[in-house]
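The opening position of the sequence shown corresponds to residue 100 in the numbering used here, with each subsequent residue numbered one higher.
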Amino acid sequence: MPLLVFKLPKKEVMKSSELGKEVIKKELPLIPKSPGVYRMLNHKDDILYVGKAKNLPNRLKSYVAEKNHIIRTERMLSQTFKLEITTTANESEALLLEANLIKKHKPRFNILLKDDKSFPFIFIGQKEQWPRVMKHRGKKEKEGFYFGPFASAGTANWTIKMLQKIFQLRVCDDGTFKNRKRPCILYQIKRCSGPCVGYIDKSDYKKTVDQAIQFVSGKSRDIQKNLSKEMEAASDELDFEKASIYRDRIKSLNIIQSSQRINEANLVDADVIAGYKESGKACIQVFFYRSKQNWGNQAYFPKHDPDQDVSEIMSSFLMQFYENKTVPKLVIINSDIKDKKLIEETLSKKEGNTISINTAKKGTKAKVVAMAEKNAKESLNRKLYETNNNKNLFEGVAKKFNLKNSINLVEVYDNSHISGTNSVGAMVTFGNEGFVKKRYRKFDIKTKGAEQDDFAMLKEVLSRRFKRAILEKGNYLTLPDLILIDGGKGQYSSAKEVLDELGLHDLPMIAIAKGKFRNSGDETFFFNGKSFKFEKNDPTLFFMQRLRDEAHRFAITSHRAKRAKGLSKSLLDQIDGIGAIRKRALLNHFGSARSVESASFDEIKSVEGVEEKVAKKIYNFFHE
């Protein structure tokens, strides 16, 4: 795919009021008449927009020929300084490349799918002697059976719990499984058949695994018939213990069947996607139907211009959503879209299967789509209410502290440590649409002597965060409109000192200190040399407490993760030449690093994979 770059000479930048049109006009004769992708860039080389075309010159001519573009396009053209072209073999390839580039670069003038993530699957191994049922995310590299996607971890966990109840499959990892001497509590509560200690033979366990696979594949009625036959056979042979196991499984299966969300449209392998737009914002709801069951739904709020319609948003959403996901055979949507055939063809090529995109307008499928659209409307209304409410809360903060600037983004800081160990600083961010998780940051404290000094820790965190923002302007997190720190006058003074040194005199900062008895509701706030109090039932007080508590939660979570990581390190890690394989062999043989420490040279040498030279090095490490 050849790349062509066209650029306007710098001396012409300031003269042109229609910068983008001039760039396109000059380079149109050089652009090949083929499918491809075009990228519009500003003078900083930031990508403003990514588009695809069946015929690149024809598509780009429209930007020059049309006189009355919509405001969004006019703004984009006024900032365009450079044009990049990538030609492709066909239009489908261009469509896939466009989706990939939009997700990668997030151009400001494209419709953007935010909060995209991989969905959990349930995995049942195929090669293990005693297959395990587990939740799985990421690439499907292991051999076995994958079921999904599930809309959330909760839905996947619920299904795994069902499989445990009915089929009593193991969920423990291989290390735990191999080292068990007696069954764990899951055996006692009848959620595992105890294969780790030989309470079930391999053929019976394999049979339950096969039944579990059938169950998740939607064949629960067949399993129930087979279980009933096996229960009767066990009763005839007077093996009442075995018969009671089958009876309990049938009972669990009946309970689960009555609570299963079977869809009336009888969708075996389909996604139902509905969009709804109101007040210049849109919500897309995706429902996952697999094996005739509803495996949950997820709401998305794409970033788009207020004047773009649902059809346009839906087209862009489909390609970005499925760019890194498996596409089901059927995708049902609630509105007609442009380029439907092209999207079908592109997704079919990607999957190696025929993919159909249907707009349901009548029958049971229309009812399912209507339900998805209703969910999209409700989710959007909640989002709009939360956004409006957050704006009111920001206004409440600005009014209380008499802030001159409007607030749209707040950063909150807190520290966590135990007696100066595993010290961590934490930053959380809150915007008009709630907590912005992608802007959360944790800081491992590096300054010696600062590990248990809250003032020094806060200074280090703020210095690192804002120095980088100044040095990497445009390439790092934008500055917030307000800083909130957990602390009193001392913390406020330390933090103000850092901001003043960096020239950020106008960046407002508030400190929140708990009352004398550290009870919630009696907080004192410090700002610009003054102290402030709120009425106990003031919504703005609850809002600021919520911000402080989230920073505190994130700081503690980060500290615990760091401490757990430190605890998981073994003394063996400190010995040069001891890799993961030898370490595992030593720990499997002796049980712990402390046992290795007290072992004799001959005992260490007897471990498989540890030759005499290495054994001597290990022994000397503990005894010299």
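In this text, a Cβ means the ideal position worked out from N, Cα and C, and glycines have one as well.
**OP:** Could you round the C-beta distance between ILE312 and THR258 to whole angstroms and report it? I think they count as a contact, below 8 Å.
**Re:** Rounded, the Cβ-Cβ distance is 13 Å, inconsistent with contact.
**OP:** Out of LYS682, GLU477, LEU441, ASP438, point me to the one whose CA is closest to CYS382's CA.
**Re:** GLU477
Original post:
When the Cα atoms are used, what is the spatial distance from LYS440 to ASN423?
Top reply: 20 Å
Subject >> Bridge-paired residues (DSSP) for GLU377 >> reply: LYS380
Original post:
Can you name, in chain order, every residue of its own chain whose Cβ lies under 6 Å from the Cβ of LYS205, other than the five neighbours on each side?
Top reply: LEU211
Original post:
Roughly how many whole angstroms lie between the Cα atoms of ARG281 and VAL296?
Top reply: 6 Å
Original post:
Is ALA152 closer than 8 Å to GLN419 when the C-beta atoms are compared?
Top reply: no
Subject >> For ASN521, the three-state DSSP class (helix, strand or coil) >> reply: strand
**OP:** Apply the 10 Å Cβ neighbour rule to ILE432 and answer buried if 16 or more other Cβ atoms are within range, or exposed otherwise.
**Re:** buried
Subject >> Which listed residue (ALA333, ASP309, MET526) has its alpha carbon closest to that of ARG652 >> reply: MET526
Subject >> Proximity of GLN397 and ALA497 at Cβ, strictly below 8 Å >> reply: no
Original post:
Using DSSP with H/G/I as helix, E/B as strand and the rest coil, what is LEU155?
Top reply: helix
**OP:** Report yes if the C-beta distance between VAL511 and GLU649 is below 8 Å; otherwise report no.
**Re:** yes
Original post:
Among all the DSSP beta bridges, which residues are the ones paired with MET526?
Top reply: TYR512, ARG540
Original post:
In this structure, does DSSP put ALA679 in helix, strand or coil?
Top reply: helix
Original post:
By how many angstroms is the C-alpha of LYS239 removed from the C-alpha of GLY247?
Top reply: 12 Å
Original post:
Relative to the C-alpha of TYR421, which residue among GLU559, LYS391, SER447, SER562 is closest?
Top reply: SER447
Original post:
Just checking my contact of LEU508 with THR528 at CB under 8 Å: how many whole Å lie between their CB atoms?
Top reply: 6 Å
Original post:
Name the DSSP bridge partner or partners of SER455?
Top reply: LEU429
Original post:
Which ranges would you report for the beta strand (DSSP E) in the stretch 380-413 if only whole runs of at least 3 residues count?
Top reply: 380-389, 392-399
Original post:
What's the C-alpha gap between MET233 and LYS428?
Top reply: 25 Å
Subject >> Residue span of the alpha helix (DSSP H) that contains HIS722, given as start and end >> reply: 711-722
Original post:
Where do the ends of the alpha helix (DSSP H) carrying GLU183 lie?
Top reply: Counting along the chain, GLU183 falls outside any alpha helix (DSSP H), though it belongs to the beta strand (DSSP E) covering 181-186.
**OP:** Classify ILE582 as helix, strand or coil using the three-state DSSP reduction.
**Re:** strand
**OP:** Return the residue from the list ASP553, ASN452, PRO219 that minimises the CA-CA distance to PHE387.
**Re:** PRO219
Original post:
Mapping DSSP to helix, strand and coil, what is SER447?
Top reply: helix
Original post:
Between which two residues does the alpha helix (DSSP H) carrying THR463 extend?
Top reply: 462-499
Original post:
By a C-beta neighbour count over all protein chains shown, 10 Å radius and 16 as the cutoff for buried, is ILE288 buried or exposed?
Top reply: exposed
**OP:** For GLN673, count neighbouring C-beta atoms within 10 Å of its own C-beta (all shown protein chains included) and say buried if the count is 16 or more, exposed if not.
**Re:** exposed
Original post:
Under three-state DSSP, which class holds LEU147?
Top reply: strand
Subject >> Distance, ILE582 Cα to GLY533 Cα >> reply: 16 Å
**OP:** Can you give me the Cβ contacts of SER667 inside the same chain, cut-off strictly under 8 Å, excluding the 5 residues immediately before and after it?
**Re:** Reliability of the predicted coordinates at SER667 is poor, the pLDDT of 49 falling under 50, and the value obtained from them is presented with this limitation in mind. There are no such residues.
Original post:
Within 7 Å: the Cβ of GLU165 and any heavy atom of the ligand COA?
Top reply: Among the components modelled here there is no ligand, and therefore nothing to report on the ligand COA.
Subject >> Proximity of LEU140 and GLU173 at Cβ, strictly below 8 Å >> reply: no
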